[in-house]
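In what follows, a structure is listed as structure tokens, so that the remarks can point back to it.
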Amino acid sequence: MQSWRCLPLRWETTLEQWWCASPIEWAAANGHYEVVRELLLLDSNHLIKLTSLRRLRRLETLWEEDDDGRQSRDIATCRARVVRELLRECESRRGANGSHLVRAGYGGWIIYTAASAGELGFVEELIEKDPTIVFGEGEYGVTDVLYAAAKSKDWNVFRLVFESAASPGFSTCRDGDLEELKGGVPSKYRWEMMNRALHAAARGGSLRALKELAEHCPDIPAYRDIAGSTVLHSAAAKGQIEVIKYLLGAFDLAGIVDRHGNTALHIAAYRGQLQAFRVLFSASPALISATNHAGETFLHMAIAGFQSPDFQRLDRQMALLTHIAGLDKPLQELINSRSNTGRTALHLALIGKPNSGAVRLLMSVPSTDLNVRDEYGMTPLDILKHQSPSARKDVLIRQLVSAGAEYDDDHSSSSSSPAIKSMASQLKTMQGYGANSPGTLFSIPDFEILLHAVPRNGSLESSSSVGPSETTEMMSFSSTVSGSCSSYVRSGSSPARRLKKALCPPSARERKPEKCP
Numbered sequence: 001m002q003s004w005r006c007l008p009l010r011w012e013t014t015l016e017q018w019w020c021a022s023p024i025e026w027a028a029a030n031g032h033y034e035v036v037r038e039l040l041l042l043d044s045n046h047l048i049k050l051t052s053l054r055r056l057r058r059l060e061t062l063w064e065e066d067d068d069g070r071q072s073r074d075i076a077t078c079r080a081r082v083v084r085e086l087l088r089e090c091e092s093r094r095g096a097n098g099s100h101l102v103r104a105g106y107g108g109w110i111i112y113t114a115a116s117a118g119e120l121g122f123v124e125e126l127i128e129k130d131p132t133i134v135f136g137e138g139e140y141g142v143t144d145v146l147y148a149a150a151k152s153k154d155w156n157v158f159r160l161v162f163e164s165a166a167s168p169g170f171s172t173c174r175d176g177d178l179e180e181l182k183g184g185v186p187s188k189y190r191w192e193m194m195n196r197a198l199h200a201a202a203r204g205g206s207l208r209a210l211k212e213l214a215e216h217c218p219d220i221p222a223y224r225d226i227a228g229s230t231v232l233h234s235a236a237a238k239g240q241i242e243v244i245k246y247l248l249g250a251f252d253l254a255g256i257v258d259r260h261g262n263t264a265l266h267i268a269a270y271r272g273q274l275q276a277f278r279v280l281f282s283a284s285p286a287l288i289s290a291t292n293h294a295g296e297t298f299l300h301m302a303i304a305g306f307q308s309p310d311f312q313r314l315d316r317q318m319a320l321l322t323h324i325a326g327l328d329k330p331l332q333e334l335i336n337s338r339s340n341t342g343r344t345a346l347h348l349a350l351i352g353k354p355n356s357g358a359v360r361l362l363m364s365v366p367s368t369d370l371n372v373r374d375e376y377g378m379t380p381l382d383i384l385k386h387q388s389p390s391a392r393k394d395v396l397i398r399q400l401v402s403a404g405a406e407y408d409d410d411h412s413s414s415s416s417s418p419a420i421k422s423m424a425s426q427l428k429t430m431q432g433y434g435a436n437s438p439g440t441l442f443s444i445p446d447f448e449i450l451l452h453a454v455p456r457n458g459s460l461e462s463s464s465s466v467g468p469s470e471t472t473e474m475m476s477f478s479s480t481v482s483g484s485c486s487s488y489v490r491s492g493s494s495p496a497r498r499l500k501k502a503l504c505p506p507s508a509r510e511r512k513p514e515k516c517p
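For the sequence shown, full-length UniProt numbering assigns the number 1 to the initial residue and increments by one for each residue that follows.
This is the structure:
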């Protein structure tokens, strides 16, 4: 088994906070099942870290170093091997009456792991046992599973997951078996699933999947997420270069904006995707001066990315800003560009938690005007003086003053002035851009999507116009979302503790029952 000793255990984010990978996550990424097993036996709560989607997203960001994604795929393969061994051991000890982990509520994590590794046989086995597993469970939804399949770059895995989700064709009977869904699958449901699949393929970088799907979609620009993002926005947010090049060549998407007025170039700048920024920048020169609804250019968005609440790597954001600083002519035109509130990129760089490197980089541009006043009459130095006291603040103040920056004492008298409230609103706006990555949220939430697979739009509100059998069928779909693990929740027992019990050898349980409840 290949060992990835070079995997970093921690990294600094754009908010300059250190985030650490836990031992069980590192062990799973290296395929060390025995280590994972022992850690679970020592403390079953390790399973929470191992299965957390939020933590997994961070790890994917942390460990995606190489351009071809080989390291990321190798890690996914190792994790899938660990999950398979875990399933096998649990089933061998608990009997053949179903997958213990799946019934405990970890089905979404299991199929996500299998799909991201491109393990076709593993995915087929899971779907054969439980066709509804493609819709995920808990944190994991069908959008996440589709993304995992796309990230594997395996067309067969993606097609299997997509077809299983797009044409469920079954409902739960009274006896618990599955039967064909009467009336077929509504077109609205198919459209919603196609929308998710297109964005998943773009985010995951599966060019073949995107091309195959696009052949059946006459109007690609119409497929958008809840924020109005196109598939180009989704690809730009993840830095999928080949997908971006294909979309720019095949469709007219470069100038389309989301509900905030952001182009794909804005999104790439905010997310710190340098290579995607380069491709979009060279392919669409007209977008260089484009502004969103707040009057912000891509330079404003690159600075706003330092305040993103999402997990973003500081080194990537700085690399993007350094590249922008080297764009001589465009930068001279944009460095003093003002938003609707009259703020330049330097103003934004000093709001919230200022990044010293970003501020110094903007100050180093010869044409930077340090004394531009926003609509409230505040200069960048005025904004900095309202920040919480810190050594960093003192250093930046001295640097700005020595460079010729000015400030107005009138703006430092009251913390309730409109200017201060506007700063708080600006920070909220900058953080709001990164609340959700493009292509992850849609008008119909994942946990409701199965209801729309039922004829008559699958809405429970329309149940008054249908018969008792149709209403029962709708309710049966609702019950499949939560899965059979609801009985475990009602019992008040912990799935992690039951897993520990399943992993303990029978002799150990008999000898020390108090340690394996």
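The C-beta atom is built at its ideal place from N, Cα and C for all residues, glycine as well.
- From D369 to E406, what does the alpha carbon distance come to, in whole angstroms? 11 Å
- Item | C-alpha gap between Q387 and K428, whole angstroms | 15 Å
- Query: Say the cut is 7 Å; is the CB of R343 nearer than that to a heavy atom of the ligand NAP?
  - Reply: In the structure shown, the ligand NAP is absent, as is every other ligand, since no ligand is present at all.
- Task: Tell me, please, which residues DSSP counts as bridged to G136.
- Result: G141
- Message: Closer than 8 Å is the cut-off here; do at least three beta carbon pairs connect the stretch 196-208 with the stretch 146-155?
- Response: yes
- Assumed close pair T440, T143 - CB separation to whole angstroms, cut-off 8 Å: 6 Å
- Query: Would H46 be called buried (16 or more neighbouring beta carbons within 10 Å of its own) or exposed?
  - Reply: buried
- Task: On the DSSP bridge assignment, give the partners of R224 in chain order.
- Result: Answer is none; R224 lacks a bridge partner.
- Under three-state DSSP, which class holds R313? strand
- Helix, strand or coil: which one does DSSP assign to E215? coil
- Task: Please report the residue range of the alpha helix (DSSP H) in which Q332 lies.
- Result: 328-334
- Message: So for S478, helix, strand or coil by DSSP?
- Response: Residue placement at S478 is flagged as unreliable, the pLDDT there being 46, under the threshold of 50; the coordinate-derived value follows with that caveat. Residue state, collapsed to three classes: helix.
- Nearest-angstrom Cα separation, counted from G305 out to P354: 11 Å
- Taking the Cβ atom as the reference point for each residue, do A166 and S116 lie within a distance shorter than 8 Å? no
- What are the start and end residues of the alpha helix (DSSP H) that includes A117? No alpha helix (DSSP H) contains A117, which DSSP labels as neither H nor E.
- Decide yes or no for the touch test of the stretch 445-455 against the stretch 133-142: beta carbon pairs closer than 8 Å, at least 3 of them. yes
- A197 versus F311 - alpha carbon distance: 24 Å
- How long is the line joining the alpha carbons of C20 and L53, rounded to whole angstroms? 15 Å
- What's the call for A391, buried or exposed, on a 16-neighbour Cβ count within 10 Å? exposed
- Count the other CB atoms, across all protein chains shown, that sit within 10 Å of the CB of N30; report buried if there are 16 or more and exposed otherwise. buried
- Query: Roughly how many angstroms lie between the CA atoms of A250 and L146, to the nearest whole one?
  - Reply: 23 Å
- Query: Per DSSP, what kind of secondary structure is Q431 in: helix, strand or coil?
  - Reply: helix
- Which whole-angstrom value describes the C-beta separation of V134 and V161, a residue pair presumed to lie in contact below a C-beta threshold of 8 Å? 5 Å
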